[in-house]
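K.L.:
As given, the protein sequences belong to chains D and A, one line each in that order.
Residue numbers 24 to 759, in my numbering, belong to the letters of the first sequence in order.
Residue numbers 106 to 257, in my numbering, belong to the letters of the second sequence in order.
Heads up, the beta-carbon is just placed ideally off N, CA and C, and yes, glycines get one too.
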Amino acid sequence: MESQNNSLNFSRRNFLKTSVLAGGGMLIGFNLLNACKPNAVPPVDISKLNFTDFNAFIKISEEGYVTIFSPNPEIGQGVKTSMPMIIAEELDVAWDKVNVAQGALDTKNYQRQVAGGSQSIRFGWEALRQTGATAKQMLVNAAAAKWGVDASTCTASEGIITNSNGDTLGYGEVVKEAAGIEVPENVKLKESKDYKIIGQDIKNVDIDKIRTGKPLFGLDYKSEGMVYASVLRPPAFGKKLVSFDDSKARAVNGVIDVIRFGDKIKLLDGKIDFTRVTDKIAVIGNSTWAAMKGKKALLAEWADEAKLESTEDHDKELFKILDGNKFDTRREDGNITKAFAQADKVIEKTYESPFLPHNCMEPMNFYANVTAEKIHLVGPVQTPAWLSSLVSGMFERKPEEVHVEMTRMGGGFGRRLYSDFALEAAEISDAAKKPVKVVFSREDDMAAGTYRPAIKYRIKASLKDGKITGYHLKEAAINANMYGLIPDFFPAGCIPNYKVSTGNYQSKMTTGAWRAPYTNFLAFAEQSFFSELAEELGKDHPTLLLELLQNVKGTTDENIQYSGERMENTIKLALEKSNWGKVPEGTYQGFAAYYSHNTHVAEVADIEMKDGMPVVKNVTVAVDCGIVVNPLGAKNQVEGGVLDGIGHAMYGDFNFKDGAPQAVNFDKYRLIRMQETPQVNTFFVENDLSPTGLGEPGLPPAGGAVANAIKVATGKRLLKQPFINQLDASKSKILG
Amino acid sequence: MPDYTLKINGKTTKVTADADTPLLWVLRDELDMVGTKFGCGIAQCGACTVHIDNIAVRSCSLPIATISGESITTIEGLSENGTHPVQEAWKEIDVPQCGYCQAGQMMTASAFLKENPNPTKEEIREAMHGNICRCASYNRIEKAVEVAAKNS
Chain D
24 MESQNNSLNF SRRNFLKTSV LAGGGMLIGF NLLNACKPNA VPPVDISKLN FTDFNAFIKI
84 SEEGYVTIFS PNPEIGQGVK TSMPMIIAEE LDVAWDKVNV AQGALDTKNY QRQVAGGSQS
144 IRFGWEALRQ TGATAKQMLV NAAAAKWGVD ASTCTASEGI ITNSNGDTLG YGEVVKEAAG
204 IEVPENVKLK ESKDYKIIGQ DIKNVDIDKI RTGKPLFGLD YKSEGMVYAS VLRPPAFGKK
264 LVSFDDSKAR AVNGVIDVIR FGDKIKLLDG KIDFTRVTDK IAVIGNSTWA AMKGKKALLA
324 EWADEAKLES TEDHDKELFK ILDGNKFDTR REDGNITKAF AQADKVIEKT YESPFLPHNC
384 MEPMNFYANV TAEKIHLVGP VQTPAWLSSL VSGMFERKPE EVHVEMTRMG GGFGRRLYSD
444 FALEAAEISD AAKKPVKVVF SREDDMAAGT YRPAIKYRIK ASLKDGKITG YHLKEAAINA
504 NMYGLIPDFF PAGCIPNYKV STGNYQSKMT TGAWRAPYTN FLAFAEQSFF SELAEELGKD
564 HPTLLLELLQ NVKGTTDENI QYSGERMENT IKLALEKSNW GKVPEGTYQG FAAYYSHNTH
624 VAEVADIEMK DGMPVVKNVT VAVDCGIVVN PLGAKNQVEG GVLDGIGHAM YGDFNFKDGA
684 PQAVNFDKYR LIRMQETPQV NTFFVENDLS PTGLGEPGLP PAGGAVANAI KVATGKRLLK
744 QPFINQLDAS KSKILG
Chain A
106 MPDYTLKING KTTKVTADAD TPLLWVLRDE LDMVGTKFGC GIAQCGACTV HIDNIAVRSC
166 SLPIATISGE SITTIEGLSE NGTHPVQEAW KEIDVPQCGY CQAGQMMTAS AFLKENPNPT
226 KEEIREAMHG NICRCASYNR IEKAVEVAAK NS
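(1) In chain A, which residues lie with their C-beta within 8 Å of the C-beta of Asn382 (chain D)?
(2) Along the beta strand (DSSP E) that carries Tyr494 (chain D), what are the first and last residues, could you check?
(3) What number of angstroms, rounded off, separates the C-alpha of Lys82 (chain D) from the C-alpha of Pro745 (chain D)?
(4) Does Tyr674 (chain D) come out as helix, strand or coil in the three-state DSSP assignment?
(5) Grab the span of the beta strand (DSSP E) containing Pro107 (chain D) for me, first residue to last.
(6) Based on Cα-Cα distance, which residue from A:Ile157, A:Glu197, A:Arg245, A:Leu111 lies nearest to Met212 (chain A)?
(7) The alpha helix (DSSP H) with Glu247 (chain A) in it runs from where to where?
(8) Between which two residues does the beta strand (DSSP E) carrying Glu631 (chain D) extend?
(9) Assuming contact is defined by CB atoms lying nearer than 8 Å, are Ala503 (chain D) and Thr534 (chain D) in contact in what I supplied?
(10) Does the distance from the CB of Val1 (chain D) to the CB of Thr157 (chain D) come in under 8 Å?
(11) If contact is defined by three or more beta carbon pairs under 8 Å, each pair taking one atom from either stretch, is the stretch 427-444 of chain D in contact with the stretch 354-362 of chain D?
(12) Would you mind telling me which residues of chain D sit closer than 8 Å to Asn244 (chain A), beta carbon to beta carbon, in chain order?
(13) For chain D, find out if any of its Cβ atoms is closer than 8 Å to the Cβ of Lys196 (chain A); answer yes or no.
(14) Can you give me the C-alpha to C-alpha distance between Phe689 (chain D) and Phe378 (chain D), rounded to a whole angstrom?
(15) Starting from Gln550 (chain D), trace the beta strand (DSSP E) both ways and give me its first and last residue.
(16) Any chance you could list the alpha helix (DSSP H) runs of at least 4 consecutive residues sitting entirely within the stretch 298-328 of chain D, in chain order?
(17) With DSSP run on the structure shown, which of helix, strand or coil describes Pro684 (chain D)?
(18) Under three-state DSSP, which class holds Val789 (chain D)?
(19) In angstroms, rounded to a whole number, what distance separates the CA positions of Thr225 (chain A) and Ser215 (chain A)?
(20) Across which residues does DSSP place Ile509 (chain D) in a beta bridge pair?
(21) For a quick check, are the C-beta atoms of Tyr618 (chain D) and Tyr585 (chain D) less than 8 Å apart?
(22) Helix, strand or coil for Leu324 (chain A)? Go by DSSP, reduced to three states.
(23) Taking the Cβ atom as the reference point for each residue, do Ala202 (chain D) and Thr41 (chain D) lie within a distance shorter than 8 Å?
(24) Mind checking the stretch 238-251 of chain D against chain A and listing, in chain order, the residues whose C-beta falls within less than 8 Å of any C-beta there?
(25) Taking the CB atoms as reference points, tell me whether Gln702 (chain D) and Ala615 (chain D) lie closer together than 8 Å.
(26) Can you pull the chain A neighbours of Asp280 (chain D), defined as C-beta to C-beta under 8 Å?
(27) Check each residue of the stretch 621-639 of chain D: if its Cβ is closer than 8 Å to any Cβ of chain A, include it; give the result in chain order.
(28) Taking the alpha-carbon positions, what's the Ser184 (chain A) to Met233 (chain A) distance?
(29) Cutting at 8 Å between CB atoms, please list the residues of its own chain near Val687 (chain D), excluding the five before and the five after it.
(30) Give the DSSP bridge partners of Met429 (chain D), in chain order.
(31) Tell me whether the beta-carbon of Thr622 (chain D) lies closer than 8 Å to the beta-carbon of Leu717 (chain D).
(32) For Val67 (chain D) and Met106 (chain D), I'd like the C-alpha separation in whole angstroms.
(33) Over the uninterrupted beta strand (DSSP E) stretch that includes Tyr205 (chain A), give me the two end residues.
(34) Hey, Thr311 (chain D) and Tyr251 (chain D): beta-carbon distance below 8 Å or not?
(35) Tell me which same chain residues have a C-beta within less than 7 Å of the C-beta of His564 (chain D), skipping the five on either side of it?
(36) Going by Cα to Cα distance, which pick from D:Ile650, D:Gln405, D:Ala728, D:Lys483 is closest to Lys368 (chain D)?
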């Protein structure tokens with residue numbers, strides 16, 4: 024079962040150090056999940072924050088204002104707001120006295136400075152609370168010493184320390200003394216019933232900058248003397264550069280240089296698989312437009328270096344895997360062969376998904392300035408430490424010479440886990456001897472992706488005496504298979520004979536994580552299949568799941584992370600809030616439940632039919648993510664995840680022909696838009712358990728819930744995404 | 106390269122640029138006004154929306170040479186200090202996730218509300234259909250436009 028103790032390697036000893044700021048106030052440097060180096064000293068000047076020895080800072084001014092330098096990158100998942108909320112809660116200051124700044128500038132020693140897997144809050148929960156509570160205790164101890172009383176007789180709340188005589192001191196009045204005292208051990212954390220900030224609706228801390236158009240994002244970053252680069256990459260996977268003529272490109276106003284590059288990135292060959300390690304051409308201009316225009320004027324000749332794959336080839340290869348017998352076994356319980364042999368009935372279905380591009384609204388971009396002294400990199404990347412080590416390898420430079428600064432990210436969805444654009448910027452800057460910003464066009468962004476790989480699932484179940492006795496899931500995927508504990512998710516532990524088998528086809532296409540990797544499609548396949556099994560057994564889909572979940576309660580299997588009890592509560596909440604089974608005529612409901620990223624989610628989609636096409640009107644979502652740190656932000660994540668899941672299940676259509684993607688901009692590639700969006704109503708299961716992430720878990724069940732509703736409405740069982748092609752091919756293309 | 110005189114957010118500015126340079130890149134690269142965002146370059150996503158004489162226009166596909174004396178408004182000039190009812194509503198509803206598309210969303214919404222101060226839900230959904238939000242904050246955008254209409 025899921026451990027409620029998420030303290031991981033957190034050690035209180037020496038995780039926090041303080042200093043008195045030259046300009047007044049106290050600076051607390053701390054390391055999440057890690058102890059500070061013995062020789063680490065926090066700076067006395069706020070302009071010299073040292074993220075080598077500490078990975079986050081809290082500043083308390085003499086006026087009692089608190090600045091928290093939020094340690095995790097912000098890609099839109101809200102951690103820049105929610106993580107400081109957790110510190111502020113235990114520090115016990117009023118939220119309107121708290122200012123949040125992006126602290127994550129340099130990247131050394133960050134234990135988990137990665138936005139991915141919906142894990143920032145889960146991993147930070149214990150450490151952030153300990154940090155806030157320890158700082159509070161130091162302030163209380165300092166005040167007690169000033170008064171000459173025992174600290175245990177003092178209390179602190181909302182930035183004010185009070186002793187038993189009723190005397191008060193503000194935090195700001197004791198910061199100087201607090202900075203000099205010993206860091207206490209074993210501080211007491213609040214009980215959840217005493218929370219004043221956690222659980223409140225707190226607005227995005229960057230809202231004012233966003234709504235007034237202030238520079239925040241990587242694409243907005245500029246430096247003195249910076250030039251822009253637009254890169255011409257091979258037009259298809261499997262092609263390589265032979266030669267090019269840049270005379271027309273150089274004639275474009277504002278084009279400064281044209282550079283063939285790739286040799287430095289080639290030094291990483293074998294270490295990275297997220298970009299094509301091949302020669303590319305950079306057109307450098309004094310504006311983005313000049314660089315883009317120059318790129319269009321390049322004449323390049325390409326040759327085939329490998330087979331040019333098409334979607335039909337991928338389909339053929341994946342079916343070959345499913346039809347064959349070369350699989351890795353990822354989990355096996357009981358005896359699946361026997362279960363199928365003894366079955367009253369065997370049901371088997373195959374589900375198919377296409378590749379998907381990420382399409383962050385902010386196209387990939389990065390700034391690099393490679394000089395003899397240091398390498399300076401700035402931009403939107405989810406994995407700054409990895410980038411730093413790759414670049415130090417590319418240029419054979421010491422790691423401390425590479426500095427990565429993160430900006431706010433205009434979406435991530437997994438794309439910015441990979442730093443191909445930053446490696447390109449570094450190599451171009453080195454060759455051009457200039458600070459360079461590489462800017463992808465939307466076409467570049469969609470054609471040079473780290474795509475969600477195409478996957479096919481074949482699921483087979485045996486029924487005997489009205490029960491599901493066996494379940495066999497086969498996965499055939501491009502490049503890589505499901506990871507970690509996914510084979511131990513539901514229905515593992517619920518069905519006695521259970522097996523997960525995986526096989527993959529190695530393709531030239533670059534693939535990677537895409538919001539809720541694997542489960543973004545697996546959940547659809549699985550929950551469509553359970554809807555079908557329920558029909559076969561003459562049961563309601565959620566009723567069948569609730570029955571099955573009884574089998575996993577009290578399991579001793581440590582691999583099984585999801586909880587029968589928590590999923591049961593989540594499902595029941597979704598049924599209650601959606602009026603399951605009690606909707607008016609003309610409304611059709613579909614259900615799906617899925618556990619992923621440590622969070623339990625159940626969704627009900629309400630659809631209506633209009634002109635023979637399903638219209639999703641409402642989605643009711645029940646979520647168990649433990650304590651909800653910021654309900655306002657949490658709901659935003661769930662709403663976005665659900666609509667993203669529906670949008671891609673419905674419209675995401677990305678095919679290759681002879682190695683080239685067939686859609687590279689929004690005229691041909693359809694994303695969900697306002698008029699296609701249902702109202703999402705989110706409800707949280709209330710409990711006191713440690714919080715888990717929300718960036719991803721809302722997404723996986725959405726496609727299944729909609730597909731199951733469409734089955735009820737039309738009788739048609741959708742087995743392949745995108746749905747739009749199965750419903751009405753004439754409507755698969757865009758819209759005006 | 107020719108010179109152009111632009112009236113942006115009430116101020117007159119001179120820029121030198123090729124005639125085919127989209128207004129978007131003049132704003133971002135030449136004038137350091139980066140609130141207007143690049144999303145697709147083909148007028149399909151709305152991230153680059155600005156107002157030209159109060160009408161919402163996709164600046165990524167608008168060559169600078171086609172502008173002559175019209176009044177250009179960008180997110181930076183929609184109001185002083187973010188007090189336009191649309192900007193206030195965006196805060197009240199806490200719309201953004203990543204936030205990248207929101208300037209374009211607000212520019213579309215503000216031009217729309219000027220034309221149609223009391224829109225129905227359907228009209229709002231139709232008016233905002235051209236702006237993509239990849240984080241899919243659509244429910245909140247819809248609600249924020251309603252709130253802005255009420256407070257305008």
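P.N.:
Quick answer:
(1) Within chain A, Arg239 have C-beta atoms less than 8 Å from the C-beta of Asn382 (chain D), given in sequence order.
(2) Note, Tyr494 (chain D): beta strand (DSSP E), 490-501.
(3) When rounded, the distance between both Cα atoms is 50 Å.
(4) Shown here, Tyr674 (chain D) sits in a helix according to DSSP, grouped into three states.
(5) Counting along the chain, Pro107 (chain D) sits inside no beta strand (DSSP E); it lies in the alpha helix (DSSP H) bounded by residues 102-114.
(6) Between Met212 (chain A) and the set A:Ile157, A:Glu197, A:Arg245, A:Leu111, the nearest pair of CA atoms involves A:Ile157.
(7) Residues 243-256.
(8) Looking at the DSSP string, the run of the beta strand (DSSP E) that includes Glu631 (chain D) is 622-633.
(9) Thr534 (chain D) sits close to Ala503 (chain D), with the two beta carbons spaced by under 8 Å.
(10) Missing from the structure shown is residue 1 (chain D); chain D here goes from 24 to 759 and no further.
(11) In short, these stretches do not touch, since the Cβ pair count stays below three.
(12) What Asn244 (chain A) touches in chain D: Glu662, Leu666, Thr700, Gln702, Val703.
(13) So yes, Lys196 (chain A) belongs to the interface.
(14) Taking the straight line joining both Cα atoms gives about 16 Å.
(15) Here Gln550 (chain D) belongs to no beta strand (DSSP E); instead the alpha helix (DSSP H) covers 542-560.
(16) Those alpha helix (DSSP H) runs which fall completely within the stretch 298-328 of chain D and span 4+ residues are 311-319.
(17) DSSP places Pro684 (chain D) in the strand class (E or B) of the three-state scheme.
(18) As displayed, chain D neither begins before 24 nor continues past 759, which places residue 789 (chain D) out of reach and without an answer.
(19) Each residue's alpha carbon lies about 15 Å from the other.
(20) BP columns for Ile509 (chain D) are empty, so no partner.
(21) In terms of Cβ geometry, Tyr618 (chain D) and Tyr585 (chain D) form a close pair [threshold 8 Å].
(22) Because chain A here runs from 106 to 257, residue 324 (chain A) falls outside it and cannot be looked at.
(23) Yes.
(24) Within the stretch 238-251 of chain D, the qualifying residues are Pro238, Leu239, Phe240, Leu242, Asp243, Lys245, Tyr251.
(25) One thing to note: Gln702 (chain D) has its Cβ no nearer than 8 Å to the Cβ of Ala615 (chain D).
(26) Near Asp280 (chain D) there are no residues of chain A at all, since even the closest Cβ is about 17 Å away, more than 8 Å.
(27) Among the residues of the stretch 621-639 of chain D, none has a Cβ less than 8 Å away from any Cβ of chain A.
(28) Cα to Cα, the separation comes out at about 20 Å.
(29) Same-chain partners within the cutoff: Arg465, Glu466, Met469, Ala470.
(30) DSSP lists D:Gly402 as partners of Met429 (chain D).
(31) Cβ distance < 8 Å, so Thr622 (chain D) and Leu717 (chain D) count as in contact.
(32) Rounded to whole angstroms, Val67 (chain D) to Met106 (chain D) spans 24 Å at the Cα level.
(33) Unbroken run through Tyr205 (chain A): none, as it is neither H nor E.
(34) Against a cut-off of 8 Å, the Cβ pair of Tyr251 (chain D) and Thr311 (chain D) comes out as a contact.
(35) Around His564 (chain D): Phe553, Ser554, Ala557, Phe614, Asn731.
(36) Considering only alpha carbons, the answer is D:Lys483.
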